[in-house]
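Scroll down for the structure; my scribbles are underneath it.
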Amino acid sequence: MESLRKKSLWVSLLGYMGSLLLHLNGLTWRKELVGVKELDSRLTRGERVLLCFWHGKYLSLLFLLRGRNGCVFTSRSFRGEVIFNICHRFGYDCVEIPEFESAQALKCLRDAMGKYQACGIAIDGPRGPYHVVKRTPVQLASSFGFVILPVSVASRHSFVFRSRWDRMELPRPFTKVCLVIGEAIRLPAALSSRDTRAKTREIREKLDEIELRAKRQVSRSNLLEAGKKFLPPGVF
4 MESLRKKSLW
14 VSLLGYMGSL
24 LLHLNGLTWR
34 KELVGVKELD
44 SRLTRGERVL
54 LCFWHGKYLS
64 LLFLLRGRNG
74 CVFTSRSFRG
84 EVIFNICHRF
94 GYDCVEIPEF
104 ESAQALKCLR
114 DAMGKYQACG
124 IAIDGPRGPY
134 HVVKRTPVQL
144 ASSFGFVILP
154 VSVASRHSFV
164 FRSRWDRMEL
174 PRPFTKVCLV
184 IGEAIRLPAA
194 LSSRDTRAKT
204 REIREKLDEI
214 ELRAKRQVSR
224 SNLLEAGKKF
234 LPPGVF
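Residue numbers for the sequence shown follow our numbering, beginning at 4 and rising by one.
Below is the structure:
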């Protein structure tokens with residue numbers, strides 16, 4: 004009992020500190036958001052939306068999309084409990100999924116996707132492989148009538164944790180950050196194995212495409228800002 008109490012205290016403390024530091028860092032970012040109005044319009048219309056992103060992007064996305072009702076998923080582990088705590092502090096519901104594929108993991112995922120209008124999932128999580136789209140969320144999205152929205156984020160300067168399997172990225176303070184939500188990927192009501200393979204391939208391609216777009220937007224902004232320093236007033 005004492006060990007459980009200590010664990011709970013550590014989870015609360017780390018969740019509080021993590022969310023506070025992420026929030027303070029995020030407030031300094033110079034943000035460009037592409038496709039967020041369309042996301043909000045879909046939610047207002049009552050569409051069921053599954054936001055798919057790479058696991059290494061989730062920290063900045065938690066801040067940039069905060070305040071929207073929806074469910075995100077994390078692993079059932081100490082690390083997952085800390086993320087669970089952080090998610091709640093940013094206004095999300097959060098469901099813990101067993102780390103390894105099992106009947107229990109499938110049930111947790113199915114129950115959550117059956118309940119919520121909007122969900123967000125690291126489509127290569129929780130343990131990789133890196134940038135490999137998992138099929139189960141795609142199949143469940145088809146069953147429950149979700150449209151898939153690929154989402155990515157890029158920043159001019161970031162911390163990259165290369166020792167992690169997901170190469171986690173966290174934008175540095177005061178840097179330029181661009182979030183891009185891509186066009187909707189619609190799924191047929193019943194996916195065959197062949198359809199599932201095709202859709203997982205499409206999701207990966209779209210995620211890579213919008214990440215490149217976000218990087219280009221950040222680079223373009225950098226060039227424009229550099230130009231303003233050397234050109235006469237009124238040119239931009």
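In this text, a Cβ means the ideal position worked out from N, Cα and C, and glycines have one as well.
Buried or exposed by the 16-neighbour rule on C-beta atoms within 10 Å, applied to residue i
| i | result |
| --- | --- |
| residue 253 | Because the chain spans 4 through 239 in this model, residue 253 falls outside it and cannot be assessed. |
| residue 2 | What the structure shows of the chain is the stretch from 4 to 239, and residue 2 is not part of that stretch, so it cannot be assessed. |
| residue 107 | exposed |
| residue 15 | exposed |
| residue 3 | No answer is possible for residue 3: it lies beyond the span of the chain, which begins at 4 and ends at 239. |
| residue 238 | Legend: pLDDT at residue 238 = 46, less than 50; position of this residue unreliable, no value from coordinates given. |
| residue 42 | buried |
| residue 22 | buried |
| residue 57 | buried |
| residue 53 | buried |
When the options are compared against residue i, the one with the closest alpha-carbon
| i | options | result |
| --- | --- | --- |
| residue 165 | 32, 21, 159 and 59 | 59 |
| residue 31 | 174, 217, 50 and 193 | 174 |
| residue 187 | 15, 144 and 152 | 152 |
| residue 35 | 191, 63, 15 and 202 | 63 |
| residue 221 | 157, 61 and 79 | 157 |
| residue 88 | 11, 212 and 199 | 11 |
| residue 78 | 93, 54, 131 and 120 | 131 |
Residue interval of the alpha helix (DSSP H) (run including residue i)
| i | result |
| --- | --- |
| residue 64 | 61–67 |
| residue 105 | Run containing residue 105: none; DSSP gives neither H nor E here. |
| residue 43 | 39–47 |
| residue 100 | No alpha helix (DSSP H) contains residue 100, which is instead part of the beta strand (DSSP E) from 96–100. |
Residue i: first and last residue of the uninterrupted beta strand (DSSP E) it sits in
| i | result |
| --- | --- |
| residue 135 | Taken as a continuous stretch (DSSP letters only), residue 135 belongs to no beta strand (DSSP E), as it is neither H nor E. |
| residue 123 | 121–125 |
| residue 172 | 171–174 |
DSSP bridge partner residues for residue i (one or two, in chain order)
| i | result |
| --- | --- |
| residue 166 | In DSSP, residue 166 forms no bridge with anything. |
| residue 35 | 181 |
| residue 55 | 124 and 153 |
| residue 77 | 99 |
| residue 188 | 151 |
Legend entry - Cβ contact (3+ pairs, closer than 8 angstroms) linking the region 88–107 and the region 205–223: no
Inset, instruction - Tell me, please, whether the region 124–144 touches the region 43–50 by the rule of three or more beta-carbon pairs shorter than 8 angstroms. - result: no
Inset, instruction - Could you tell me whether the region 66–79 touches the region 112–123, where touching means 3 or more Cβ pairs closer than 8 angstroms? - result: yes
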